[in-house]
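Student: First, the structure itself, so that you have it in front of you.
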Amino acid sequence: MGKMDGKVALITGGASGLGAEDARVLAREGAQVVITDVQDELGAQVAAEIPGCLYLHHDVRDEARWTEVVVATLDRFGRIDTLVNNAGMVRFGTIEDLSYEDFRFQTDVMLGGTFLGCRVAIPHMSRDGCGSIVNMASVAALKGISTIPAYTAAKAGIIAMTRSIAVHCREQAYRIRVNAIAPGGIVTPMTAQALAELPQDAAGLDQINAHGMGQPSDVAKMVLYLACDDGRHITGTCITIDNGETMA
Ligand SMILES: NC(=O)c1ccc[n+]([C@@H]2O[C@H](COP(=O)([O-])OP(=O)(O)OC[C@H]3O[C@@H](n4cnc5c(N)ncnc54)[C@H](O)[C@@H]3O)[C@@H](O)[C@H]2O)c1
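So this is what it looks like as C-alpha cells:
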C-alpha cells in the first residue's frame, strides 16, 4: 500500500529541481501525477520517467490556463487531492539595482501564481479529507537578504497567504489542508544559478555553504507527509527545512 494510493497530485514547476522530485516521490507512493512548467522539453522528460504522469505547458501567471490545467487533470484522473504550488525563479539585485519590472515579475510568478493556483483549484479539490495544498515558500522569507528583495517579499507573502487560505478552507468545512514549506539551501538548478551569479560572501550563501545544502528528497518527503494522511491534522502552518539555517 502506498501512502498516496488513489490520490491525484498537480505540481507546478515540475520540470526541474524540487518539483520534479516531488512528482517522483508522490508517484512512488501511488499518486497519479500531473506536472506543469514552462520548460517543455525537461517537463516531458520528467513525465516520461514516471508511469502515467501527464505533463502540461503552463505559465502559472496565466489564469485562463490554470482553468484548462485543472479541467485536463479532472478529465484524465477524475479528481485533484494535492496541489503543490512550487514554480519559482529568482532575479538578483538590491533595492537600488532591481527594476520594478523584475519585482513585479517575481511576485507575479510566485505569489500571484500561488494565489491563482489556490483560487482556481480549491472549488474542484477533494472534500473527503484528502485535499491538501502545499505552497513552496523559502527561509528567504524569514531573513533579510539584500540581493533578493522581491524574492523574499514573494515568499513571505506566500506564508501569510497560506494561513489565510487555510482558515478559509476550515471556515467553509472543505477539509482541504493548506500549508507552506520553507526550505533552506537545496541542491537544484536554481541554487546552482545563485552560486554562479552571486559573490560567495553574499548574505546567506556563506551559512548555507558552511553547513551543507539539502537534497530535493529532503523537501519531497515533507511534501509527501503533508499530502498524505500522515499530515491529516496539520493546516495553516509553514514548515522550515533548513538544517538550522534560521536557528541563530
Ligand atoms: N532550491 C532551493 O534552495 C530553494 C530554497 C527555498 C525555496 N525554493 C523554492 O522551491 C521552488 C522550486 O525551486 P527549485 O530550486 O527546484 O528551482 P528550479 O529552477 O530547479 O525549478 C523551478 C521550476 O519552476 C519553473 N518555473 C519558473 N517560472 C515559472 C512560471 N512562470 N510558470 C511555470 N513554471 C515556472 C521553472 O521552469 C523550473 O522548472 C521554487 O519556488 C523556489 O523558490 C528553492
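Under our numbering, the first residue of the sequence shown is numbered 97, with each subsequent residue one higher. Just so you know, even glycine gets a beta-carbon here, dropped at the ideal spot from N, CA and C.
1) List in chain order: all unbroken beta strand (DSSP E) runs of 3+ residues lying wholly within the stretch 136-207.
2) Express the C-alpha separation of residue 140 and residue 267 in angstroms, rounding to a whole number.
3) Smallest Cα separation from residue 131: which of 179, 101, 197 and 238?
4) Going by C-alpha distance, which of 318, 286, 282 and 337 is nearest residue 184?
5) Does the structure place the stretch 216-235 close enough to the stretch 270-282 that three or more beta carbon pairs sit under 8 Å?
6) Mapping DSSP to helix, strand and coil, what is residue 128?
7) What's the call for residue 284, buried or exposed, on a 16-neighbour Cβ count within 10 Å?
8) The beta strand (DSSP E) with residue 106 in it runs from where to where?
9) Cα-Cα, which of 264, 151 and 182 is closest to residue 168?
10) Mind checking whether the beta-carbon of residue 147 lies closer than 6 Å to any heavy atom of ligand 1?
Tutor: Walking through what the data contain:
1) If only complete runs of 3 or more residues are kept, the stretch 136-207 shows the beta strand (DSSP E) at 150-153 and 178-181, in order along the chain.
2) Counting from one through the sequence shown, the residue named residue 267 turns up at place 171. Counting from one through the sequence shown, the residue named residue 140 turns up at place 44. Roughly 39 Å separates the two Cα atoms.
3) Looking up residue 131 in the sequence shown gives position 35. Out of 179, 101, 197 and 238, 179 has the C-alpha closest to the C-alpha of residue 131.
4) Along the sequence shown, one-based indexing puts residue 184 at 88. Selected option, being the one with the closest Cα: 286.
5) At 8 Å Cβ cutoff, the stretches touch.
6) Indexing the sequence shown from 1 puts residue 128 at position 32. Collapsing the DSSP output to three states places residue 128 in a strand.
7) Counting from 1 along the sequence shown, the entry for residue 284 is found at position 188. The C-beta of residue 284 has 16 or more other C-beta atoms within 10 Å across all chains shown, which makes the residue buried.
8) By one-based count along the sequence shown, residue 106 stands at place 10. For residue 106, the uninterrupted beta strand (DSSP E) run begins and ends at 104-108, by DSSP.
9) The residue you call residue 168 lines up with position 72 of the sequence shown. Ranking 264, 151 and 182 by Cα distance to residue 168 puts 151 first.
10) One-based indexing of the sequence shown puts residue 147 at position 51. Remark: the shortest separation between the CB of residue 147 and any heavy atom of ligand 1 does not fall under 6 Å.
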